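Undergrad: Each residue of the sequence shown is one higher than the one before, starting from -14 at the first, in this note's numbering. My questions will all concern the structure given below.
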Amino acid sequence: MSRNPFTRHPKEVGETYVEHMAHASWFGVRMIAGGFACLIHAIFPFWCVNTGSQSMNRLHAKLHGRAEKANWERHPII
């Protein structure tokens, strides 16, 4: 196992450092956008009514799919 803290976790999930950085950044930007929509909804309850929950559902589905892919690649059934 790699001792390099920058590559250890990406290797665990079957990605390079750059691939992992891109995926983590994608998630982070969408989490910020969803949070911003929730803040807008808190002030104006008639705006962004479903945006926060839809954002969370999409992120959960994508993250769950990525986790399943990583597990399958690490432990394939032969």
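Backbone N, C-alpha and C define an ideal beta-carbon position, used for all residues, glycine too. In this text, all values refer to a predicted model and were calculated from it rather than measured experimentally.
#1: Taking DSSP as the reference, what is the three-state secondary structure of E4?
#2: Using only CA atoms, which one of P(-5), M41, A27 lies nearest to H8?
#3: How many Å lie between M41 and F31 at the Cα?
#4: Please tell me whether A22 and G37 are closer than 7 Å, where the distance is taken between their beta carbons.
#5: Can you tell me where the alpha helix (DSSP H) with R(-7) in it begins and where it stops?
TA: The relevant details are as follows:
#1: helix
#2: P(-5)
#3: Approximately 19 Å between the Cα atoms of the pair.
#4: It is a contact, given that the beta carbons lie within the stated cut-off.
#5: It spans -7 to -3 - the alpha helix (DSSP H) in which R(-7) sits, taken as one unbroken run.
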